[in-house]
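Student: If you scroll down you'll find the structure; I have some questions about it.
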Amino acid sequence: MAVDVLEHFTVRCTNLERTRDFYSEVIGLRVGPRPDFDFAGYWLYLGEQPVVHLVLESERKDGRAPRSASAKPAETGALDHIAFRGRDLEATRALLRARGLEFAECAVPGKPLFQIFVRDPDGVLIELNFRGEVYA
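Sequence positions in the sequence shown follow our numbering and run 2 to 137.
Printed below as a string of structure tokens:
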């Protein structure tokens, strides 16, 4: 078996709107169409691809418990982080500061790559990579 594209990842949220706003307003994804599933959620698009799926941790229209009812939001299991390529480092820093979000930064030694790390509202670590020049 071989794969050629990462389709999407799913985040279990404690507050759908708060997490939707993070991925759309901070990360820059677009909220788009989603099938009429029997549980609440959003699909967020990068171009034409719905790359982030959000599902509400505690609610399903059919009354069944979510798959991981015992999981706490910040426990992401073996998942360490999810990375996106960023644009406009200074604007990103300004946006994160304006929203009061804590973040860490690092320049990758010897590479034209600068990284920002920020957590989404449910504790998932997001890496933003800024390529093209060595940043100080």
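Glycine included, C-beta positions come from ideal geometry on N, C-alpha and C.
What you are looking at is a predicted structure, and each value in this text was computed from that prediction instead of being measured.
Kindly list the residues whose CB is nearer than 7 Å to the CB of valine 32, restricted to its own chain and excluding five residues on each side of it in sequence; keep chain order.
Tutor: For the purposes of this step, residue 32 is identified with residue 31 of the sequence shown, where counting begins at 1. Excluding residues within five positions, the ones whose Cβ falls inside 7 Å are Arg21, Ser25, Tyr43, Leu45.
Student: On the CB-based measure, 16 or more other CB atoms within 10 Å of its CB, does glutamate 58 come out buried or exposed?
Tutor: Taking the sequence shown and counting its residues from 1, the one referred to as residue 58 is at position 57. Buried, by the Cβ-count rule.
Student: Under 7 Å Cβ to Cβ from valine 53, same chain only, skipping five residues before and after it: list those, please.
Tutor: Mapped onto the sequence shown, residue 53 falls at position 52. So the list reads His9, Phe10, Val12, Tyr24, Leu30, Leu45, once near-sequence residues are dropped.
Student: Verify whether the separation of the beta carbon atoms of glutamate 103 and arginine 88 is less than 9 Å.
Tutor: Locating residue 103 in the sequence shown gives position 102, where the first residue counts as 1. Locating residue 88 in the sequence shown gives position 87, where the first residue counts as 1. In this structure, arginine 88 does not lie closer than 9 Å to glutamate 103 by Cβ.
Student: Taking the C-alpha atoms as reference points, what is the distance between histidine 82 and isoleucine 117?
Tutor: Walking along the sequence shown from the start, residue 82 turns up at place 81. Walking along the sequence shown from the start, residue 117 turns up at place 116. Roughly 12 Å between the two C-alpha positions.
Student: Just the C-alpha distance for proline 113 and alanine 105, rounded to the nearest angstrom, thanks.
Tutor: As a working mapping, residue 113 is identified with position 112 in the sequence shown. As a working mapping, residue 105 is identified with position 104 in the sequence shown. Going from the Cα of proline 113 to the Cα of alanine 105 covers about 18 Å.
Student: Per DSSP, what kind of secondary structure is arginine 31 in: helix, strand or coil?
Tutor: Residue mapping note: residue 31 aligns to position 30 of the sequence shown, counting from 1. In the structure shown, arginine 31 sits in a strand (DSSP, three-state: E or B).
Student: Quick check on serine 71: does DSSP put it in helix, strand or coil?
Tutor: For this step, residue 71 is matched to residue 70 along the sequence shown. At serine 71, the pLDDT of 40 sits below 50, so the modelled position is not reliable; the number obtained from the coordinates is stated separately. Note: serine 71 maps to coil in three-state DSSP.
Student: Rank Ala92, Val56, Ile28 by C-alpha distance to the C-alpha of aspartate 39 and give the top, closest one.
Tutor: Counted from its first residue, the sequence shown places residue 39 at position 38. When only C-alpha atoms are compared, the closest one is Val56.
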